[in-house]
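A.B. asks: Would you mind keeping the following structure in view while I ask a few things?
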Ligand SMILES: *Cc1c(COP(=O)(O)O)cnc(C)c1O
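In our numbering, the protein residues as written are 1205 to 1628.
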């Protein structure tokens, strides 16, 4: 459930008509619902009630500081994957003790930054990285808390570009080598082993792959404890999928996911961390856009929008489906027209949907892409020198611009003309 509903014939974000936001901010624009963000965070938090746990929001899904601050107030930790995300989380008021640092290619500068600022743990993905963390920690007079991310060789049965738990993926250390890597970690002077980590992919629509992975994690935890390692924390990753299409497909609920966690690893007495991103932010955001032209093609109608692939790349990159709905509620009896919904960018890949049945639309009409809150604004670019899409946060009947649309001058002034081009 989200908080984007029709009321009196107009699509609202909570109590704010989207028409009002379009008039105030312009289009395209991302609009997020505070109530939906909070609800989704609480679903996870409650699913783990009774177990010692921390829900670390995977902020790469949607990283505006206003979103981070909304979640941090509820007690969320953050899962960060870069020095930039670490700095952003800290700027949003998240203490280092609630920040988990993930990612396959942490640089020494990023490691030093997190050690100096405070970090809950590094999720380590390779032996060279382990050695680097130890080296940087020793140099700075720290001992770095780490978990090792194991690759359990489990098929997440999701889109190939977001599956991470098979042996051919670049992530984690092979589970078959975990004991050796832990032995190495125990020998390194700058390392303190605190637990074990796994993350098998994103947009998982079944629980079975999680179950397979977590059973392996449970067995490995016992083995590692037998080897003398203090495995007191289990980071079980993120990845729970969301409904993108008509809400007819119903991926597993956080409650059932929580029950699975209890069943598979609950007996180990570990503190549990999870890293959901998409499920918290995905259905908490829409992309608001306006129809520029309706163009008659050869046997098809193009709906040309002012949003493009640079604003929402998921359809081009992952063949993703987003429901597209008119902001003015259509008459239930209105006919349907099959539109190819496209943006203005000079690429055929700039296509959001083909032959999508929609009520008849005209130039100037507003539409909303649903389920666009995760991996939407964060993946936006200024391709075609289109200004980075702004973001708006709604709470009850208020809305605030949380990232303004840059002006052309701001964009252009970031370029620097070298000396030799300035000469006559
Ligand atoms: C991307 C990612 C997540 C979040 O995945 P979602 O599908 O958005 O829940 C969590 N942990 C790690 C390590 C990731 O790379």
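A virtual CB, placed ideally from N, CA and C, is assigned to each residue, including glycine.
Can residue 1283 be considered in contact with ligand 1, in the sense that its beta carbon sits closer than 7 Å to one or more heavy atoms?
C.D. replies: The residue given as residue 1283 occupies position 79 in the chain shown. Flag set: Cβ of residue 1283 near ligand 1.
A.B. asks: For residue 1519, collect the residues of the same chain with a Cβ closer than 8 Å to its Cβ; drop the 5 residues on either side in sequence, then sort them by chain order.
C.D. replies: Residue 1519 sits at position 315 when you count from the first residue of the chain shown. Around residue 1519: 1513, 1525, 1526, 1555, 1556 and 1557.
A.B. asks: Alpha carbon to alpha carbon, how far is residue 1354 from residue 1376?
C.D. replies: Against the chain shown, residue 1354 aligns to sequence position 150. Against the chain shown, residue 1376 aligns to sequence position 172. Those two C-alpha atoms are separated by around 5 Å.
A.B. asks: When you measure from the CB of residue 1578 to every non-hydrogen atom of ligand 1, does any distance come out below 7 Å?
C.D. replies: Against the chain shown, residue 1578 aligns to sequence position 374. Yes, ligand 1 has a heavy atom inside 7 Å of this Cβ.
A.B. asks: To which residues does DSSP link residue 1497 through a beta bridge?
C.D. replies: As a position in the chain shown, residue 1497 is number 293, starting the count at 1. DSSP, once it has assigned bridges, lists 1508 as partnering residue 1497.
A.B. asks: Apply the 10 Å Cβ neighbour rule to residue 1631 and answer buried if 16 or more other Cβ atoms are within range, or exposed otherwise.
C.D. replies: The question about residue 1631 has no answer here: the residues shown for the chain are numbered 1205 through 1628.
A.B. asks: Less than 8 Å between the beta carbons of residue 1226 and residue 1540, yes or no?
C.D. replies: Start at 1 with the first residue of the chain shown, and residue 1226 comes out as number 22. Start at 1 with the first residue of the chain shown, and residue 1540 comes out as number 336. The answer is no: Cβ separation not under 8 Å.
A.B. asks: Indicate the three-state DSSP secondary structure (helix, strand or coil) for residue 1382 in the structure shown.
C.D. replies: Here residue 1382 corresponds to residue number 178 of the chain shown, with the count starting at 1. Residue 1382 falls in the helix class under three-state DSSP.
A.B. asks: With a threshold of 16 other CB atoms inside 10 Å of the CB of residue 1575, please say whether the residue is buried or exposed.
C.D. replies: Looking up residue 1575 in the chain shown gives position 371. Buried, by the Cβ-count rule.
A.B. asks: Taking 5 Å as the limit, tell me which residues put their C-beta closer than that to any heavy atom of ligand 1, in chain order.
C.D. replies: Chain-ordered list of matching residues: 1262, 1265, 1306, 1403, 1406, 1441, 1442, 1443, 1479, 1480, 1481 and 1482.
A.B. asks: Which of helix, strand or coil does DSSP assign to residue 1513?
C.D. replies: Along the chain shown, one-based indexing puts residue 1513 at 309. Reduced to three states, the DSSP call for residue 1513 is coil.
A.B. asks: Can you tell me the Cα-Cα spacing of residue 1359 and residue 1409, whole angstroms?
C.D. replies: To locate residue 1359, count along the chain shown from 1; it is residue 155. To locate residue 1409, count along the chain shown from 1; it is residue 205. Distance between the alpha carbons of residue 1359 and residue 1409: 12 Å.
A.B. asks: On the premise that residue 1418 lies in contact with residue 1491, defined as a C-beta separation below 8 Å, what is that separation, rounded to the nearest angstrom?
C.D. replies: Indexing the chain shown from 1 puts residue 1491 at position 287. Indexing the chain shown from 1 puts residue 1418 at position 214. Residue 1491 to residue 1418, Cβ: 34 Å. No contact.
A.B. asks: Suppose you measure from the CA of residue 1625 to the CA of residue 1214; what does that come to, to the nearest Å?
C.D. replies: Locating residue 1625 in the chain shown gives position 421, where the first residue counts as 1. Locating residue 1214 in the chain shown gives position 10, where the first residue counts as 1. Cα to Cα, the separation comes out at about 53 Å.
A.B. asks: For residue 1579, does the count of other Cβ atoms within 10 angstroms reach 16, so buried, or fall short, so exposed?
C.D. replies: Here the question's residue 1579 lines up with position 375 in the chain shown. When all chains shown are included, residue 1579 counts as buried.
A.B. asks: List the whole-angstrom C-beta distance separating residue 1233 from residue 1272, where the pair is believed to meet the contact cut-off of C-beta under 8 Å.
C.D. replies: Within the chain shown, residue 1233 is the residue found at index 29, counting from 1. Within the chain shown, residue 1272 is the residue found at index 68, counting from 1. That pair is no contact at about 19 Å.
A.B. asks: Should residue 1517 go down as buried or exposed, given a rule of 16 or more other Cβ atoms within 10 Å for buried?
C.D. replies: Working through the chain shown from its first residue, we reach residue 1517 at position 313. Result: buried.
A.B. asks: Within the chosen definition, does the segment 1288-1295 reach the segment 1608-1615 through at least 3 CB pairs nearer than 8 Å?
C.D. replies: These segments do not touch.
A.B. asks: Would residue 1544 and residue 1231 be called neighbours here (beta carbons separated by less than 8 Å)?
C.D. replies: For the purposes of this step, residue 1544 is identified with residue 340 of the chain shown, where counting begins at 1. For the purposes of this step, residue 1231 is identified with residue 27 of the chain shown, where counting begins at 1. No, the Cβ-Cβ distance between residue 1544 and residue 1231 is not below 8 Å.
A.B. asks: Could you check if residue 1212 is buried or exposed, using at least 16 other CB atoms within 10 Å of its CB as the buried criterion?
C.D. replies: Counted from its first residue, the chain shown places residue 1212 at position 8. Counting Cβ neighbours within 10 Å, residue 1212 comes out exposed, since fewer than 16 surround it.
A.B. asks: According to the Cβ coordinates, are residue 1396 and residue 1348 closer than 8 Å?
C.D. replies: Stepping through the chain shown from its first residue, residue 1396 is reached at position 192. Stepping through the chain shown from its first residue, residue 1348 is reached at position 144. Going by C-beta atoms, residue 1396 is nearer than 8 Å to residue 1348.
A.B. asks: Assuming residue 1477 and residue 1439 are in contact, meaning their beta carbons sit under 8 Å apart, how far apart are those beta carbons, in whole angstroms?
C.D. replies: Start at 1 with the first residue of the chain shown, and residue 1477 comes out as number 273. Start at 1 with the first residue of the chain shown, and residue 1439 comes out as number 235. The pair is a contact, with the Cβ atoms about 4 Å apart (cut-off 8 Å).
A.B. asks: Return the chain-ordered list of same chain residues with a C-beta closer than 7 Å to the C-beta of residue 1615, the five sequence neighbours on each side being excluded.
C.D. replies: The count along the chain shown starts at 1 and reaches residue 1615 at position 411. Closer than 7 Å at the Cβ level, and outside the excluded window around residue 1615, lie 1586, 1589 and 1591.
A.B. asks: Can you list, in chain order, the residues of its chain whose CB lies under 7 Å from that of residue 1312, leaving out five sequence neighbours each side?
C.D. replies: Counted from its first residue, the chain shown places residue 1312 at position 108. Excluding positions up to five away in sequence, the list reads 1336 and 1340.
A.B. asks: Can you tell me the Cα-Cα spacing of residue 1398 and residue 1534, whole angstroms?
C.D. replies: Residue mapping note: residue 1398 aligns to position 194 of the chain shown, counting from 1. Residue mapping note: residue 1534 aligns to position 330 of the chain shown, counting from 1. Cα to Cα, the separation comes out at about 55 Å.
A.B. asks: Taking the alpha-carbon positions, what's the residue 1386 to residue 1416 distance?
C.D. replies: In the chain shown, the residue the question calls residue 1386 occupies position 182. In the chain shown, the residue the question calls residue 1416 occupies position 212. Between residue 1386 and residue 1416, the C-alpha separation is close to 22 Å.
A.B. asks: Within 10 angstroms of its Cβ, does residue 1236 collect 16 or more other Cβ (buried), or is it exposed?
C.D. replies: Translated into positions along the chain shown, residue 1236 becomes position 32. Per the 10 Å Cβ criterion, buried.
A.B. asks: May I ask you to list the residues that DSSP assigns as paired with residue 1367?
C.D. replies: In the chain shown, counting from the first residue as 1, residue 1367 sits at position 163. DSSP output for residue 1367 lists 1405 as bridge partner(s).
A.B. asks: Excluding sequence positions up to five away, which residues of its chain have a Cβ less than 7 Å from the Cβ of residue 1203?
C.D. replies: Because residue 1203 is not part of the residues shown, which for the chain are 1205 to 1628, the question remains open.
A.B. asks: Taking 8 Å as the threshold (C-beta atoms), are residue 1404 and residue 1382 in contact?
C.D. replies: In the chain shown, residue 1382 corresponds to position 178, counting from 1. In the chain shown, residue 1404 corresponds to position 200, counting from 1. Going by C-beta atoms, residue 1382 is not nearer than 8 Å to residue 1404.
A.B. asks: Between residue 1301 and residue 1277, how many whole angstroms is the CB-CB distance? I'm expecting something under 8 Å.
C.D. replies: Here residue 1301 refers to the residue found at position 97 of the chain shown. Here residue 1277 refers to the residue found at position 73 of the chain shown. Between residue 1277 and residue 1301 the Cβ distance is about 16 Å, and since that is not below 8 Å, they are no contact.
A.B. asks: Sorted by chain position, which residues of the same chain lie with C-beta nearer than 8 Å to residue 1629's C-beta, five sequence neighbours on each side aside?
C.D. replies: Look at the range of the chain in this structure, 1205 to 1628, and you will see that residue 1629 is not part of it.
A.B. asks: Please name the residue or residues paired with residue 1399 in a DSSP beta bridge.
C.D. replies: To locate residue 1399, count along the chain shown from 1; it is residue 195. Its beta-bridge partners are 1351 and 1437.
A.B. asks: Could you check which residue in 1400, 1436, 1366 and 1338 has the C-alpha nearest to that of residue 1393?
C.D. replies: Indexing the chain shown from 1 puts residue 1393 at position 189. Taking only the C-alpha atoms, the option nearest residue 1393 is 1338.
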